[in-house]
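Reading through the structure tokens given below for one structure.
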Amino acid sequence: MQIDSHPKQFAELFPVETTKGFIIPEYQRRYSWKNEQIEQLFNDIWEEDEGYYIGNLLVTNDPEDKDRPDVIDGQQRLITTSLLLLGIWNKLEIMWRQLSALSAEAQSSDEEQTLNVSKDIKKIGKIQDYILHRLYIFEACVVFVG
Numbered sequence: 001m002q003i004d005s006h007p008k009q010f011a012e013l014f015p016v017e018t019t020k021g022f023i024i025p026e027y028q029r030r031y032s033w034k035n036e037q038i039e040q041l042f043n044d045i046w047e048e049d050e051g052y053y054i055g056n057l058l059v060t061n062d063p064e065d066k067d068r069p070d071v072i073d074g075q076q077r078l079i080t081t082s083l084l085l086l087g088i089w090n091k092l093e094i095m096w097r098q099l100s101a102l103s104a105e106a107q108s109s110d111e112e113q114t115l116n117v118s119k120d121i122k123k124i125g126k127i128q129d130y131i132l133h134r135l136y137i138f139e140a141c142v143v144f145v146g
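In full-length UniProt numbering, the protein residues as written are 1 to 146.
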């Protein structure tokens, strides 16, 4: 098997707008990261102001499903990162629902309550912007594809 290594952005390998996934072959070890390793990865990403280099990821094309690569190396980081992104996505959905409910409530309330809701909307917007900035970090990750 010939390996052609080249850097690739995380978002390019697993674009958000598709349902494209990845396959962890059966011969790979089970997920084994402990809280300490997960927290270390999370803190490294959280504290990084620029793009974060997530490390090497070796994938091959699955002969049966060319749209979903087999992960040969880096599955622990990939799974942890995927779960982290899922958690962020779920939090954004909850915040969006709260924002929508607050907006609807503000339209049918008095002026003082509208002012309070506007302040809450701004707070949620700031948090959302901060989380979205952190999501950008993942778009700057580099993986090696083989």
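We put the CB at the ideal spot given by N, CA and C, even for glycine.
I'd like to confirm the pairing. Which residues does DSSP put opposite residue i in its beta bridges?
{"i": "I88", "result": "Paired residue(s): none; I88 is not in a bridge."}
{"i": "I23", "result": "D70"}
For the alpha helix (DSSP H) that residue i lies in, which residues bound it at each end?
{"i": "L41", "result": "35 to 47"}
At least one CB of chain D closer than 7 angstroms to the CB of residue i: is that the case?
{"i": "E47", "result": "No chain D is part of this structure, which consists of one protein chain only."}
What span of residues does the beta strand (DSSP E) with residue i cover, start to end?
{"i": "I72", "result": "69 to 73"}
Which value, in whole angstroms, describes the spacing of the CA atoms of residue i and residue j?
{"i": "P7", "j": "K122", "result": "38 angstroms"}
{"i": "D67", "j": "S118", "result": "45 angstroms"}
{"i": "N35", "j": "K126", "result": "28 angstroms"}
{"i": "S5", "j": "I88", "result": "30 angstroms"}
{"i": "W46", "j": "P25", "result": "30 angstroms"}
{"i": "D65", "j": "L102", "result": "45 angstroms"}
{"i": "V143", "j": "E12", "result": "No answer about V143 holds up, because its pLDDT of 49 lies below 50 and its placement is not dependable."}
{"i": "N56", "j": "Q28", "result": "16 angstroms"}
{"i": "S100", "j": "I124", "result": "11 angstroms"}
Residue j and residue i - do their beta-carbons sit closer together than 7 angstroms?
{"i": "T60", "j": "I79", "result": "no"}
{"i": "P69", "j": "F22", "result": "yes"}
{"i": "W33", "j": "Q76", "result": "yes"}
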